[in-house]
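Here's the structure, in structure tokens; my notes come after.
Protein chains: 2
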Amino acid sequence: MSPTEKSAVREAVSNVSRAGKPTLKTIAEMTGLAITTVSRALGNAPQISESTRRRVHAVAAEIGYLPDRAAQRLKTGRTNVISVLLDPHEEILGFGTSIMHGLARALQATSYHLIVTPNFLDGSNVDAVNYIIRNGMADGLIFSRTEPFDPRVRLLLENGFPFVTHGRTEFSTPHAFVDYDNFAFAYEATKRLIAKGRRKVTIILPPRRLTFHQYMLHGFMTAVREAGVAYEIPETLDLDSPADMIRDHVRRRSAEPDPPDGYTCPGEVSALATITGMSDNGLTLCAEYDIVAKQTSRLLSQIQPKVETIYEDLPAAGEAMGRLLLRRIAGENAEDLTMLLGPQFGFPTP
Amino acid sequence: MSPTEKSAVREAVSNVSRAGKPTLKTIAEMTGLAITTVSRALGNAPQISESTRRRVHAVAAEIGYLPDRAAQRLKTGRTNVISVLLDPHEEILGFGTSIMHGLARALQATSYHLIVTPNFLDGSNVDAVNYIIRNGMADGLIFSRTEPFDPRVRLLLENGFPFVTHGRTEFSTPHAFVDYDNFAFAYEATKRLIAKGRRKVTIILPPRRLTFHQYMLHGFMTAVREAGVAYEIPETLDLDSPADMIRDHVRRRSAEPDPPDGYTCPGEVSALATITGMSDNGLTLCAEYDIVAKQTSRLLSQIQPKVETIYEDLPAAGEAMGRLLLRRIAGENAEDLTMLLGPQFGFPTP
DNA sequence: GGTGTAATTTAAAACGTTGTAAATTTCCGA
DNA sequence: TCGGAAATTTACAACGTTTTAAATTACACC
């Protein structure tokens with residue numbers, strides 16, 4: 001760098017702190033190049049000579065240039081933003097945050113920012129999706145807890161908006177998704193209970209309207225039928241029920257005749273509530289009954305190591321969703337962007 | 351609306367679905383006004399006549415006009431975004447999400463969007479703050495878990511960037527904050543234990559580097575000294591320790607001579623871990639020992655109603671932080687924007 | 001009817017970036 | 001030394017909004 005350029009740099013740096021951010025214009029003036037050239041050089045366009053490319057990059061680094069996202073967005077129409085739709089039910093025990101962990105990892109080296117659109121405000125989730133589509137608030141969307149004919153998915157498909165769901169649907173049009181194999185979870189968990197010699201198993205299922213209710217029920221019933229063991233499924237209760245309802249139900253039921261002695265709990269809160277309900281009746285884990293729970297954080301096994309758990313790796317799911325979404329935005333075919341993550345390992349579906 | 355305008359509307363609406371979003375230009379063409387006039391009319395500028403103001407608003411509503419945030423941001427330099435810095439330690443039990451709940455409520459009727467900058471990526475929290483300041487990624491910042499001389503606060507103060515912390519600091523320059531009265535919590539909780547006849551109390555304190563460590567210690571010690579009761583404070587443990595460490599410590603300690611029988615737990619996880627550790631030794635809550643815990647979600651009291659709790663209203667804190675931040679952005683003096691929320695009620699400090 | 005003033009509307013520039021199309025320079029062989 | 005293609009650089013317009021300053025219209029008064 002020549003002496004005059006050095007002083008130009010010094011000048012511009014002081015400009016930064018005084019006036020405002022350095023822009024392409026700043027660099028253009030410092031290097032004596034045109035704004036367009038600078039833009040191309042920074043974008044590593046092919047028609048720029050290697051020497052100027054290097055020089056521009058050097059100066060940009062020197063003065064700490066960062067492109068103005070608002071201007072880029074206005075010009076290109078792309079936001080460089082990925083939005084996560086967060087549902088109130090995902091709050092507890094960091095469900096949402098675990099996924100975001102993985103998402104952040106997937107987007108780390110990219111120019112994408114991760115923004116969370118909490119659904120906390122009154123409106124339904126569909127409104128939020130609509131708003132994001134119509135305002136172009138993001139280049140892609142991620143959300144979970146899908147229903148078989150999820151209205152959010154329908155809306156996004158109709159508008160050709162890139163998205164990845166956590167959970168499958170039953171639309172004939174394919175879309176990108178990452179899902180946990182809840183059939184395998186319920187099947188495996190229930191088999192373990194039976195293997196421990198439990199005579200009557202039960203399961204706290206997700207709300208009926210969610211897709212993974214079906215998978216879990218199927219896994220549970222398959223294990224039950226294979227072993228020919230007794231079972232029951234609480235009708236008035238689901239995984240979204242408040243913990244006290246679960247606790248009270250378990251307490252009440254375990255005092256009645258012919259109670260279940262094997263619990264499949266697809267959530268950590270339900271497992272804790274079950275333990276409390278049972279111990280209220282003087283029943284102790286591993287002695288009078290067993291639990292196999294789905295574990296998504298380290299909390300449960302830390303507090304209650306006696307609960308047997310099957311792991312669902314939410315950060316991994318988040319990371320997968322991030323990667324799939326990037327590929328979807330880049331134009332890849334949705335049907336090639338699906339993943340089913342097993343209890344132990346993840347593998348892409350064909 | 352005249353018939354020609356009606357058809358103009360129809361035309362523009364079909365334009366929307368075909369081409370792209372309606373802009374000021376769309377409305378200008380439809381009404382025959384200039385773009386400037388439309389902009390002013392929508393902004394309710396005083397020099398616009400009431401009749402055109404109404405007409406423009408009507409047309410805008412009709413075609414579902416929404417201002418382009420990128421363009422607004424580019425022109426005005428304001429992002430209309432409030433950013434929340436999320437710390438990994440805030441994940442569990444929806445600490446962060448509770449606060450966001452309140453924030454969302456505070457920003458609901460405003461034009462502000464709430465975006466979460468997860469600190470999940472390797473970098474320190476300070477880097478994130480720096481990035482947000484230098485890129486103008488937001489108009490204001492919110493974060494928690496302050497240290498007495500928090501480097502994030504220092505950086506923001508130096509740059510005159512609007513922010514509100516959850517937690518106090520010891521800088522001489524005042525800044526906006528919302529804090530929970532942890533002195534009152536620890537004092538009250540410990541007094542309750544003593545009132546139940548417990549002979550030796552203990553407390554699991556937050557990490558020493560955080561400001562609220564001091565307040566809590568002070569509250570605890572004040573209650574201890576007033577009652578002249580025995581106490582101990584675990585040195586190798588804090589509120590951020592993994593649950594199993596807390597559980598193991600409690601189990602070990604309760605088997606040694608002269609164990610504490612009254613636990614002040616400033617977190618729900620630590621309370622659950624304590625219960626488990628004690629019950630491993632055959633000790634039962636309310637009989638051989640008592641717990642008074644800080645409750646931030648409904649989870650703990652639902653699962654374990656026998657734990658006595660003192661409530662910290664995080665959504666309320668979030669909402670307060672949101673409101674204060676808006677006022678700070680609007681230019682109000684930072685020293686007037688502080689709040690200390692008590693265990694029962696919140697009141698502004700003078 | 002003309003004049004001055006207030007009320008209302010407008011054109012033009014700007015924010016920082018990128019895409020298009022044109023201009024300039026470089027380099028080669030004749 | 002010169003044409004001409006290739007390589008490199010450039011000017012200009014545009015994205016949709018707000019702001020500044022200027023233009024137009026309306027109104028009241030003499």
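Protein chains in written order, with the numbering used here: chain A, 1 to 350; chain B, 351 to 700.
Even glycine gets a Cβ: it sits at the ideal position worked out from N, Cα and C.
Quantities reported herein were computed from a predicted structural model and do not represent experimental measurements.
Going by C-alpha distance, which of the options is nearest residue i?
i	options	result
residue 242 of chain A	B:480, B:663, B:652	B:652
residue 690 of chain B	B:663, B:679, B:683	B:663
residue 459 of chain B	B:684, B:685, B:676, B:683	B:676
residue 491 of chain B	B:633, B:606, B:540, B:526	B:526
residue 145 of chain A	A:86, A:197, A:24	A:86
residue 205 of chain A	A:199, A:282, A:266	A:266
residue 56 of chain A	A:47, A:70, A:299, A:31	A:31
residue 573 of chain B	B:674, B:463, B:550	B:550
residue 482 of chain B	B:457, B:512, B:461	B:512
residue 665 of chain B	B:464, B:569, B:456	B:456
residue 300 of chain A	B:580, B:622, B:424	B:622
residue 510 of chain B	B:684, B:692, B:693	B:684
residue 477 of chain B	B:504, B:372, B:529, B:396	B:504
residue 24 of chain A	A:63, A:47, A:51, A:202	A:63
residue 575 of chain B	B:537, B:393, B:633, B:391	B:537
residue 544 of chain B	B:639, B:410, B:383, B:655	B:639
residue 656 of chain B	B:635, B:647, B:669	B:635
residue 542 of chain B	B:557, B:570, B:415	B:570
residue 264 of chain A	A:228, A:217, A:287	A:217
residue 202 of chain A	A:189, A:72, A:170	A:189
residue 73 of chain A	A:111, A:309, A:245, A:125	A:111
residue 98 of chain A	A:58, A:124, A:320, A:29	A:320
residue 687 of chain B	B:558, B:425, B:674	B:674
residue 371 of chain B	B:418, B:388, B:411	B:418
residue 143 of chain A	A:95, A:59, A:240, A:229	A:95
residue 682 of chain B	B:514, B:379, B:648, B:596	B:514
Please look up how many angstroms separate the CB atoms of residue i and residue j, rounded, as I've assumed it's under 8 Å.
i	j	result
residue 84 of chain A	residue 103 of chain A	7 Å
residue 498 of chain B	residue 561 of chain B	5 Å
residue 610 of chain B	residue 599 of chain B	About 11 Å; that fails the 8 Å criterion.
residue 386 of chain A	residue 231 of chain A	Because chain A is modelled from 1 through 350, residue 386 of chain A falls outside the range shown and cannot be assessed.
residue 168 of chain A	residue 179 of chain A	5 Å
residue 317 of chain A	residue 166 of chain A	6 Å
residue 52 of chain A	residue 33 of chain A	7 Å
residue 173 of chain A	residue 156 of chain A	Rounded, the Cβ-Cβ distance is 10 Å, inconsistent with contact.
residue 390 of chain B	residue 398 of chain B	5 Å
residue 612 of chain B	residue 678 of chain B	Contact flag wrong, Cβ pair sits at about 41 Å.
residue 207 of chain A	residue 237 of chain A	The Cβ separation is near 10 Å, so there is no contact.
Return yes when the C-beta of residue i is under 6 Å from any heavy atom of the ligand MN, and no when it is not.
i	result
residue 198 of chain A	Questions concerning the ligand MN fall outside what the structure shown contains, since it holds no ligand whatsoever.
Inter-stretch contact (C-beta, 8 Å, three-pair minimum) for the segment 123-143 of chain A and the segment 79-89 of chain A:
yes
What ranges does the alpha helix (DSSP H) occupy inside the segment 415-469 of chain B, keeping only unbroken runs of at least 4 residues that lie completely in it?
419-426, 445-457
Do the segment 603-620 of chain B and the segment 638-649 of chain B make contact, defined as three or more Cβ pairs closer than 8 Å?
yes
Is it a yes or a no for the segment 271-282 of chain A touching the segment 243-257 of chain A, going by three-plus beta-carbon pairs under 8 Å?
yes
Curious, which full-length beta strand (DSSP E) runs of at least 3 residues does the segment 528-575 of chain B contain?
550-553
Using a beta-carbon distance cut-off of less than 7 Å, what residues from the segment 26-51 of chain A approach chain B?
none
Which ranges does the alpha helix (DSSP H) cover as unbroken runs of at least 4 residues, wholly within the segment 242-303 of chain A, from first to last along the chain?
243-255, 268-280, 299-303
Check distances from the C-beta atoms of the segment 581-594 of chain B to those of chain A and list, in chain order, the residues that come in under 9 Å.
592, 593, 594
Interface residues of the segment 670-687 of chain B facing chain A [CB-CB below 8 Å]
none
What residues in the segment 650-662 of chain B bring their beta carbon closer than 7 Å to a beta carbon of chain A?
652, 653, 654
Taking a cut of 8 Å between CB atoms, which residues from the segment 504-520 of chain B lie near chain A?
none
Going along the chain, which residues of the segment 131-154 of chain A sit with their C-beta nearer than 9 Å to a C-beta in chain B?
131, 134, 135, 136, 137
Which of the residues in the segment 62-74 of chain A, read from start to end, lie with their CB under 8 Å from any CB of chain B?
64, 66, 68, 69, 70, 71, 73, 74
Given a limit of 7 Å on CB to CB distance, which residues of the segment 606-638 of chain B reach chain A?
619, 622, 623, 626
Inside the segment 664-696 of chain B only - alpha helix (DSSP H) runs reaching at least 4 residues
664-679
Using a beta-carbon distance cut-off of less than 7 Å, what residues from the segment 168-197 of chain A approach chain B?
none
Using a Cβ-Cβ cut-off of less than 8 Å, list which residues of the segment 444-458 of chain B approach chain A; keep chain order.
444, 446, 447, 448, 450, 451, 454, 455, 458
To test your reading of the DSSP string, which unbroken alpha helix (DSSP H) runs of 4 or more residues are found completely within the segment 472-521 of chain B?
475-485, 501-509
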